[in-house]
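Letter by letter, the sequence shown follows residues 351 to 589 in my numbering.
All residues carry an ideal CB built from backbone N, CA and C; glycine is no exception.
None of these values were measured; they are calculated from a predicted model.
Take a look at the structure below.
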Amino acid sequence: DCFIHGLVRDEFGRKMSKSLGNGIDPIDVVKEYGVDSLRYALATTVTPGLDMSFGMDKIRSASTFLNKIWNASRYILINLGDDFEPVEDVSKLKLSAADQYLYKNFNSTIEAVKKNMDKYELGQASKYLYNFIYDIFCSNYIEIEKIDLKKDEERVKVVKNVLYDVLKRLLIALFPFTPFIAEDIYLHLPKHKKSIYEEEYPSKLKKRLTKDKIGASIVEMIKHVRQIKVNASLEPNYK
Numbered sequence: 351d352c353f354i355h356g357l358v359r360d361e362f363g364r365k366m367s368k369s370l371g372n373g374i375d376p377i378d379v380v381k382e383y384g385v386d387s388l389r390y391a392l393a394t395t396v397t398p399g400l401d402m403s404f405g406m407d408k409i410r411s412a413s414t415f416l417n418k419i420w421n422a423s424r425y426i427l428i429n430l431g432d433d434f435e436p437v438e439d440v441s442k443l444k445l446s447a448a449d450q451y452l453y454k455n456f457n458s459t460i461e462a463v464k465k466n467m468d469k470y471e472l473g474q475a476s477k478y479l480y481n482f483i484y485d486i487f488c489s490n491y492i493e494i495e496k497i498d499l500k501k502d503e504e505r506v507k508v509v510k511n512v513l514y515d516v517l518k519r520l521l522i523a524l525f526p527f528t529p530f531i532a533e534d535i536y537l538h539l540p541k542h543k544k545s546i547y548e549e550e551y552p553s554k555l556k557k558r559l560t561k562d563k564i565g566a567s568i569v570e571m572i573k574h575v576r577q578i579k580v581n582a583s584l585e586p587n588y589k
């Protein structure tokens with residue numbers, strides 16, 4: 351299929367032209383921010399049937415987002431360790447309320463992404479992925495599970511498998527938008543194939559999730575505590 355997008359305008363809505371000098375040289379952008387940042391910024395800005403306003407702020411924002419993914423992936427890979435062996439089916443593990451909260455949100459996210467990709471609503475599809483990765487996965491789940499990674503061996507095994515499984519699914523979902531960084535991180539995962547191209551597009555976790563609302567409540571409580579600390583000018587690690 352061939353998808354024809356609207357006109358790419360500058361951030362003020364003006365047509366890019368040599369006379370105005372408001373064009374963006376993609377080669378310069380790639381040299382400074384990488385090809386994935388440019389690709390992601392363009393793909394997530396487009397809306398079928400409409401022109402798009404495009405500027406360096408969107409490229410810098412995309413670069414910051416990809417850096418977030420890179421750092422989260424490094425953290426996960428370090429904590430998995432060299433001897434990590436992923437289980438074949440995560441759904442058979444004893445998932446906590448936090449784990450179920452994560453998968454409940456992942457299930458709804460991946461369904462929304464698929465639905466919008468099928469309609470060529472690339473910008474909308476990417477927003478669902480962005481919100482899940484930034485808010486649910488990185489800001490909430492990973493921060494909560496830093497504590498669980500210090501608990502008993504059984505719980506640590508579950509957390510590592512959940513982190514591995516969700517990261518792998520996210521990389522595959524991100525691949526159409528950011529193929530280079532997704533492939534690079536994927537090839538560092540345990541039990542990876544020759545290329546991310548050989549993987550199937552991720553689907554929902556087939557497991558009845560009964561504790562996801564408890565997990566959501568825990569996350570909300572943590573957010574309130576964080577806000578209290580901010581309002582009281584307390585350090586993040588203040589007890």
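TODO: Compute the Euclidean distance between the alpha carbons of Ile428 and Glu493, then round it to the nearest angstrom.
DONE: Here residue 428 refers to the residue found at position 78 of the sequence shown. Here residue 493 refers to the residue found at position 143 of the sequence shown. Between Ile428 and Glu493, the C-alpha separation is close to 15 Å.
Open item on the list: Excluding the 5 residues flanking Lys454 on each side, which residues of the same chain have their C-beta closer than 6 Å to its C-beta?
Closed with: Translated into the one-based positions of the sequence shown, residue 454 becomes position 104. Excluding residues within five positions, the ones whose Cβ falls inside 6 Å are Leu559, Asp562.
TODO: Give the secondary structure of Met467 by DSSP, where H, G and I count as helix, E and B as strand, and everything else as coil.
DONE: Translated into positions along the sequence shown, residue 467 becomes position 117. Here Met467 sits in helix by DSSP.
Open item on the list: Give me the residue from Lys543, Ser441, Ser387, Thr395 with the minimum Cα distance to Asn511.
Closed with: The residue you call residue 511 lines up with position 161 of the sequence shown. It is Ser441.
Open item on the list: Buried or exposed for Glu495, going by 16 or more other Cβ atoms inside 10 Å?
Closed with: Counting from 1 along the sequence shown, the entry for residue 495 is found at position 145. With 16 or more other Cβ atoms within 10 Å, it is buried.
Open item on the list: Quick check on this structure: which residue in His355, Ile426, Leu443, Asp449 has the alpha carbon closest to the alpha carbon of Ser403?
Closed with: As a position in the sequence shown, residue 403 is number 53, starting the count at 1. Checked all of His355, Ile426, Leu443, Asp449; the closest Cα to Ser403 is His355.
TODO: Round the Cβ separation of Ile390 and Ala422 to the nearest angstrom and send it over; I've been treating them as touching at under 8 Å.
DONE: Looking up residue 390 in the sequence shown gives position 40. Looking up residue 422 in the sequence shown gives position 72. According to the sequence shown, residue 390 is Tyr rather than Ile. Approximately 16 Å separates the beta-carbon atoms of Tyr390 and Ala422; this is outside 8 Å, ruling out the contact.
TODO: Tell me, please, whether the segment 456–463 touches the segment 540–556 by the rule of three or more beta-carbon pairs shorter than 8 Å.
DONE: yes
- [ ] Give me the Cα-Cα distance between Ala393 and Asp515, rounded to the nearest whole angstrom.
- [x] Reading the sequence shown from its first residue, position 43 is the one you call residue 393. Reading the sequence shown from its first residue, position 165 is the one you call residue 515. Each residue's alpha carbon lies about 26 Å from the other.
Open item on the list: For Lys477, list the residues DSSP reports as bridge partners.
Closed with: If you number the sequence shown from 1, residue 477 lands on position 127. Beta-bridge pairing links Lys477 to no other residue.
Open item on the list: Quick check: what's the CA-CA separation for Ala448 versus Leu521?
Closed with: Numbered from 1 along the sequence shown, position 98 holds the residue referred to as residue 448. Numbered from 1 along the sequence shown, position 171 holds the residue referred to as residue 521. Their Cα atoms are separated by approximately 21 Å.
Task: Anticipated Cβ contact below 8 Å, Leu430 with Pro540, distance rounded - done: For the purposes of this step, residue 430 is identified with residue 80 of the sequence shown, where counting begins at 1. For the purposes of this step, residue 540 is identified with residue 190 of the sequence shown, where counting begins at 1. That pair is a contact at about 7 Å.
Open item on the list: Tyr383 and Ile419 - do their beta-carbons sit closer together than 8 Å?
Closed with: Within the sequence shown, residue 419 is the residue found at index 69, counting from 1. Within the sequence shown, residue 383 is the residue found at index 33, counting from 1. Their beta carbons are not under 8 Å apart, which means Ile419 does not touch Tyr383 by this criterion.
- [ ] Pick helix, strand or coil for Arg364, following the three-state DSSP scheme.
- [x] On the sequence shown, residue 364 is found 14 positions in, with the first residue counted as 1. Three-state DSSP puts Arg364 in coil, outside helix and strand.
Open item on the list: Do Phe530 and Asp386 count as a contact pair if the criterion is CB distance below 8 Å?
Closed with: To locate residue 386, count along the sequence shown from 1; it is residue 36. To locate residue 530, count along the sequence shown from 1; it is residue 180. Yes. Within cutoff.
TODO: Can you tell me which of the three DSSP states Arg558 falls into?
DONE: Working through the sequence shown from its first residue, we reach residue 558 at position 208. In this structure, Arg558 counts as coil in the three-state DSSP scheme.
Open item on the list: Helix, strand or coil for Leu403? Go by DSSP, reduced to three states.
Closed with: Within the sequence shown, numbered from 1, the residue matching residue 403 stands at position 53. Rather than Leu, the amino acid found at residue 403 in this sequence is Ser. Of the three classes helix, strand and coil, the one that applies to Ser403 here is strand, per DSSP.
Open item on the list: Restricting to runs no shorter than 4 residues, where is the alpha helix (DSSP H) found entirely within the segment 497–554?
Closed with: 503–524, 529–536
Open item on the list: Is the beta carbon of Leu472 closer than 8 Å to that of Val575?
Closed with: As a position in the sequence shown, residue 575 is number 225, starting the count at 1. As a position in the sequence shown, residue 472 is number 122, starting the count at 1. Between Val575 and Leu472, the gap from beta carbon to beta carbon reaches 8 Å or more.
TODO: Can you have a look at Lys469 and say buried or exposed, based on whether 16 or more other CB atoms are within 10 angstroms of its CB?
DONE: Taking the first residue of the sequence shown as position 1, residue 469 is located at position 119. Label assigned to Lys469: exposed.
TODO: Identify every residue that forms a DSSP beta bridge with Val358.
DONE: Residue numbering aside, residue 358 sits at position 8 when the sequence shown is read from its first letter. Beta-bridge pairing links Val358 to Met402.
Task: Backbone CA spacing between Ala582 and Lys500 [nearest angstrom] - done: Here residue 582 refers to the residue found at position 232 when the sequence shown is read from its first residue. Here residue 500 refers to the residue found at position 150 when the sequence shown is read from its first residue. Those two C-alpha atoms are separated by around 29 Å.
- [ ] Taking 8 Å as the cut-off, decide whether the C-beta atoms of Ser476 and Phe527 are in contact.
- [x] For the purposes of this step, residue 476 is taken as the residue at position 126 of the sequence shown. For the purposes of this step, residue 527 is taken as the residue at position 177 of the sequence shown. Yes. Within cutoff.
Open item on the list: Once DSSP output is grouped into helix, strand and coil, what is the label at Phe434?
Closed with: What you label residue 434 is simply residue 84 of the sequence shown in a count that begins at 1. In the structure shown, Phe434 sits in coil (DSSP, three-state: anything other than H, G, I, E or B).
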